[in-house]
Every structure is written in structure tokens, then in C-alpha cells.
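Residues 1 to 163 in the UniProt record's numbering are what the sequence shown spells out, letter by letter. So the structure is just underneath, and the comments pick up after that.
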Amino acid sequence: MTKLGKVHASKEIMITATDLLASEYDQVLRDFGIQPFVRTVFGDAENLSTQFGDYSFDIVHGQNCIDHTASPLKAIQQMLSVTKHDGFVVLYHAENEGKTESYKQLHKWDFTCEKGHFVIRGPGPGGDAVDATDALAAVGSVECSLDDGAVLVAIRKHPQRRQ
Numbered sequence: 001m002t003k004l005g006k007v008h009a010s011k012e013i014m015i016t017a018t019d020l021l022a023s024e025y026d027q028v029l030r031d032f033g034i035q036p037f038v039r040t041v042f043g044d045a046e047n048l049s050t051q052f053g054d055y056s057f058d059i060v061h062g063q064n065c066i067d068h069t070a071s072p073l074k075a076i077q078q079m080l081s082v083t084k085h086d087g088f089v090v091l092y093h094a095e096n097e098g099k100t101e102s103y104k105q106l107h108k109w110d111f112t113c114e115k116g117h118f119v120i121r122g123p124g125p126g127g128d129a130v131d132a133t134d135a136l137a138a139v140g141s142v143e144c145s146l147d148d149g150a151v152l153v154a155i156r157k158h159p160q161r162r163q
């Protein structure tokens, strides 16, 4: 069940919640008789454009999810692919969750901000570091900040270039 706000004074908000475990969530909701305001549908962060097509959303939000993927950078690139020009990708993840969880189970990646740049390390303790701010510069402008043990990243996709 999404934490995102669902009401705006002057805009209609349509939320598409996705997760690899959508069918398992449905079972838990059925077991407890819960009808969520927004139903989660199956979605693979590393293949979003195949499912939704490019330029489908104004805002794409990910919280505590892309650090569980095989390739966080690919997941972010896919998030940007399905974002409209001049739209946003907003990420909120625990800082260095892989290290905190000893790189066990799903926690293979570390995210942090260094000198204002979003940095991804992994997988595992010996993994390479990627400056995601630089890697994504051709597609959007990246802002990264730390927020009480979490990494907040806002990526504004560049406006469409005129031909």
C-alpha cells in the first residue's frame, strides 16, 4: 500500500503502484479482507518501459526498492524512460543499507551522497562505485541529499529538445 498522497486541491492524481511481489501482496490483502485505495500491480523496475512504454508518467517514485534489484542504475534508467520530459524520478532509500544489513538477502547495494553526487556501490562490500549523477547527466539533472539516515534523490528529466 503506497505512502504517496492521493488527493490534491486542483489536480487529479492517478497512482500506479508496482512491485515484483504484487501477487503475494494481493494474497495477504485477501487474507485480511483489506481493499487498498491503490492496488499494486506486477512490475519489474529493470523493465518498466516494456510494460508501460516511454513517457508514461509525470512522476516516478521509488522507496526502499531499487537497492533490491540486480542493477540499480538500470532500474533508474528505466524509471527515467517511463517519465515524461520535464518530469521527475524521486528516490528515497536507507543510506548504505547493504553495509548495514551485512550484504545479506536482498541488501547488496549501498547508496549515498558524496559532494552532492548520488553514488551507488556494490554489489556487496567489494563492488564498484558508480557516480549516478554523472552517469545520468545526459538524461536529467540529479540532486542528492541525506535525510536522517536516508538518501533522497530527485532527478528532473530534461525537457524535450526541439528539432
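Glycine included, C-beta positions come from ideal geometry on N, C-alpha and C.
Review point. Does the separation of the CB atoms of LEU4 and ILE76 fall below 8 Å?
Key: Against a cut-off of 8 Å, the Cβ pair of ILE76 and LEU4 comes out as no contact.
* To do: Note down, in chain order, each residue of its chain lying with its Cβ closer than 7 Å to the Cβ of THR112, except the 5 sequence neighbours on either side.
  => Excluding sequence neighbours, THR112 sits near GLU95, ASN96, VAL119, VAL151.
- prompt: Cβ of GLY140 within 8 Å of Cβ of HIS117?
  reply: GLY140 places its beta carbon 8 Å or farther from that of HIS117.
With 16 other Cβ atoms within 10 Å as the buried cut-off, status of HIS8 | Under this definition HIS8 is an exposed residue.
task = Kindly indicate which residue of HIS68, GLY53, SER49 has the alpha-carbon position closest to the one of GLU101.
result = Per the Cα distances, HIS68.
Worksheet item: Roughly how many whole angstroms lie between the Cα atoms of LEU91 and ASP31?
Response: When rounded, the distance between both Cα atoms is 31 Å.
Let me know the secondary structure DSSP gives ALA9 once reduced to three states. Note: ALA9 maps to coil in three-state DSSP.
Between which two residues does the alpha helix (DSSP H) containing TYR92 stretch?
-> No alpha helix (DSSP H) holds TYR92; the beta strand (DSSP E) holding it covers 83-94.
Report task. Out of LYS84, ALA17, SER56, state which residue places its alpha-carbon closest to the alpha-carbon of GLY62. Result -> For GLY62, the nearest C-alpha among the options comes from ALA17.
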